[in-house]
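Chemist: Quick note: the sequence shown uses the numbering used here, first residue 1, plus one each step. The structure is given below, and queries will be raised subsequently.
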Amino acid sequence: MRILLTNDDGLYAEGMSALVDVARQFGEVKVVAPDRERSACGHSMTLRDPLRAQPVDYDGLAAWEVSGVPVDCVNVGLELAWPDGCDLVLSGFNHGPNLGFDVTYSGTVAGAMEGCINGIHSISLSMALFVSGAPLHFETGIRWAQERLGALIEHKLPPLTFFNVNVPAIAYEELRGERVVGMGQRVYQERLEIRSDPWGRPYYWQGGVVAMSGDQAGTDVEAVSEGFVSITPVSLDWTNHAAIRDVEAALNR
Ligand code: MN
1 MRILLTNDDG LYAEGMSALV DVARQFGEVK VVAPDRERSA CGHSMTLRDP
51 LRAQPVDYDG LAAWEVSGVP VDCVNVGLEL AWPDGCDLVL SGFNHGPNLG
101 FDVTYSGTVA GAMEGCINGI HSISLSMALF VSGAPLHFET GIRWAQERLG
151 ALIEHKLPPL TFFNVNVPAI AYEELRGERV VGMGQRVYQE RLEIRSDPWG
201 RPYYWQGGVV AMSGDQAGTD VEAVSEGFVS ITPVSLDWTN HAAIRDVEAA
251 LNR
């Protein structure tokens, strides 16, 4: 199996080395990742600047360090690493959760999205850590993936669908299992922090405190907060099909 790895935390992030450890057992691995951290870049792509792709040796694997975002990396990877096509795109392990609406901001998820758009089976993986500075427990992600990722790789998803996986950042022994769940809602409070520079001019810093709502049954947010790995099949068809008739009727009234 030909496997392309990417992430949004940069080629030298610890989460990439964890993913490499896992991916090697499933086939031939090539790594194409950003040359620096690009978290929260979403599904953006570089259009107005040239992309540089520096070939490097990554622990004996062919790898490229790209001056772009994950979408760029997948497209560069499909040209340089696997010109004859590849069978699997893995993006991660992200240093932090990608739950609910995070999916729309996440560069990690965008890597899998781009693989999916290219017709390749794709999976994004994230370590769901909620306390800043606490251990990310990559060893838990590695062990879970060594045992269970094979089943997700084998599973044939409908077209334009990929897997988004979140592993709780806890000790493996504390992991309660896995759940296949829907995308929850993860809302941030106090998103914009207003600060003041040394000259008294205001500047703004986005971040915010996540308001995790535990009452959303059957969601990734709930599963991870209860100590389960969340597995979400995400569709690239964002249409609200149920609304089409209503809107049509309203417009033609
Ligand atoms: Mn990241």
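Heads up, the beta-carbon is just placed ideally off N, CA and C, and yes, glycines get one too.
1. Report yes or no: do the segment 83-99 and the segment 49-57 share at least 3 C-beta pairs separated by less than 8 Å?
2. Grab me the residues of Val69's own chain with a C-beta within less than 8 Å of its C-beta, minus the 5 sequence neighbours each way, in chain order.
3. Would you tell me roughly how many angstroms separate the C-alpha atoms of Ala151 and Ala145, rounded to the nearest one?
4. If we call anything under 7 Å between Cβ atoms a contact, is Ala171 one with Ala128?
5. Is the number of C-beta pairs between the segment 228-239 and the segment 153-166 that are closer than 8 Å three or more?
6. Relative to the alpha-carbon of Asp254, which residue among Glu190, Ala250, Val31, Glu226 has its alpha-carbon at the smallest distance?
7. Using DSSP with H/G/I as helix, E/B as strand and the rest coil, what is Glu37?
8. May I have a chain-ordered list of the alpha helix (DSSP H) segments no shorter than 4 residues that lie completely inside the segment 36-90?
9. Where does the unbroken alpha helix (DSSP H) through Phe138 begin, and where does it stop?
10. Is any non-hydrogen atom of ligand 1 found closer than 6 Å to the C-beta of Asn94, if you look at the structure I gave you?
11. Return the bridge partner residues of Trp205 from the DSSP annotation.
12. Could you spell out the range, first to last residue, of the beta strand (DSSP E) harbouring Thr219?
13. Assuming Met127 is part of the beta strand (DSSP E), what are its boundary residues?
14. Indicate, with yes or no, if ligand 1 has a heavy atom lying under 6 Å from the CB of Asp49.
15. Within a Cβ cutoff of 8 Å, which residues of the same chain sit near Asp220, ignoring the five residues on either side of it in sequence?
16. Mind checking which residues open and close the beta strand (DSSP E) that includes Gly177?
17. Whole angstroms are fine: how far does the CA of Asp102 sit from the CA of Val210?
18. For Gly115, which residues in the same chain have their Cβ closer than 6 Å to its Cβ, ignoring the five residues on either side in sequence?
19. At a cut-off of 6 Å, is Asp8 close to ligand 1 when judged by its beta-carbon and the heavy atoms of the ligand?
20. Work out the CA separation of Ala63 and Tyr12 for me, nearest whole Å.
Modeler: Straight from the coordinates:
1. A contact between stretches requires three or more CB pairs, one per stretch, nearer than 8 Å, and the segment 83-99 fails this requirement with the segment 49-57.
2. The answer, listed in chain order, is Asp8, Pro34, Arg38, Cys41, Ser44, Met45, Thr46, Gly107, Ala110.
3. Going from the Cα of Ala151 to the Cα of Ala145 covers about 10 Å.
4. Annotated as distal: Ala171 and Ala128, with beta-carbon spacing of 7 Å or more.
5. Taking 8 Å as the limit for Cβ pairs, the verdict is that the segment 153-166 does touch the segment 228-239.
6. What the structure shows of the chain is the stretch from 1 to 253, and residue 254 is not part of that stretch, so it cannot be assessed.
7. Residue state, collapsed to three classes: coil.
8. Taking only runs of at least 4 residues, the alpha helix (DSSP H) segments lying wholly in the segment 36-90 are 70-80.
9. Here the alpha helix (DSSP H) through Phe138 covers 138-154.
10. Relative to ligand 1, Asn94 has its C-beta within less than 6 Å of a heavy atom.
11. Answer is Glu193, bridged to Trp205.
12. Annotation for Thr219: no beta strand (DSSP E) segment contains it, and DSSP assigns it neither H nor E.
13. From DSSP, the beta strand (DSSP E) with Met127 extends over 121-128.
14. No, Cβ of Asp49 sits at least 6 Å from all heavy atoms of ligand 1.
15. Same-chain partners within the cutoff: Leu99, Gly100, Asn164, Asn166, Val181, Gly182, Met183, Gly184, Ser230, Thr232.
16. First-last of the beta strand (DSSP E) with Gly177: 177-180.
17. C-alpha separation (whole angstroms): 11 Å.
18. The beta carbon of Gly115 sits closer than 6 Å to those of Val74, Val89, Ser122, all from its chain and outside the five residues before and after it, given in chain order.
19. Asp8 Cβ: within cutoff of ligand 1.
20. Going from the Cα of Tyr12 to the Cα of Ala63 covers about 11 Å.
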